[in-house]
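For the sequence shown, the working numbering begins at 5 and goes up steadily by one. So the structure is just underneath, and the comments pick up after that.
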Amino acid sequence: MKYKAIVSAHIWLNGGHEEIEILSMTHNDEKATGIFDDIDHALLHEIEIGGSQDYYFIAIIESRFVEHRTWEGSEWEVEHEVREIKSIQDIASQFEQKAK
Numbered sequence: 005m006k007y008k009a010i011v012s013a014h015i016w017l018n019g020g021h022e023e024i025e026i027l028s029m030t031h032n033d034e035k036a037t038g039i040f041d042d043i044d045h046a047l048l049h050e051i052e053i054g055g056s057q058d059y060y061f062i063a064i065i066e067s068r069f070v071e072h073r074t075w076e077g078s079e080w081e082v083e084h085e086v087r088e089i090k091s092i093q094d095i096a097s098q099f100e101q102k103a104k
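The following block contains the structure:
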């Protein structure tokens, strides 16, 4: 199952390091699996702030649990696909991709 979230957040530079604050988030993790517990790390990795000191943004995230099997057993990881919304066309393109 793919879990989806819409996040608004703020990234800023603090002594040369990026910090993040999640301002709001809505998601479909109704079973409280915790799939979005570490979403701040994925956002810091995927969102480009350029030369900005303060960067506010909205992003759509699709996440899923992925199983890796070895001789020692199974290990589960979370994969996040982050898409920043920069214009209303970005939202419209999400619906067009789903319709195909």
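The C-beta atom is built at its ideal place from N, Cα and C for all residues, glycine as well.
Check: Is it true that the CB of S67 sits closer than 7 Å to the CB of I39?
Finding: Yes, these two residues count as a Cβ contact at 7 Å.
Margin query: Quick check on DSSP: helix, strand or coil for D44?
Written below: Reduced to three states, the DSSP call for D44 is helix.
Next item on the list: Assign Y60 to buried or exposed, taking buried as 16 or more other Cβ atoms, counted over all protein chains shown, within 10 Å of its Cβ.
Entry: Flag for Y60 reads exposed.
Margin query: On the DSSP letters alone, give me the boundaries of the beta strand (DSSP E) that I64 sits inside.
Written below: That run of the beta strand (DSSP E) goes D58 to T74.
Item checked: Neighbourhood of I15 by C-beta distance below 6 Å, restricted to the same chain and skipping five residues each side -> E22, I24, I53 and Y59, listed in sequence order.
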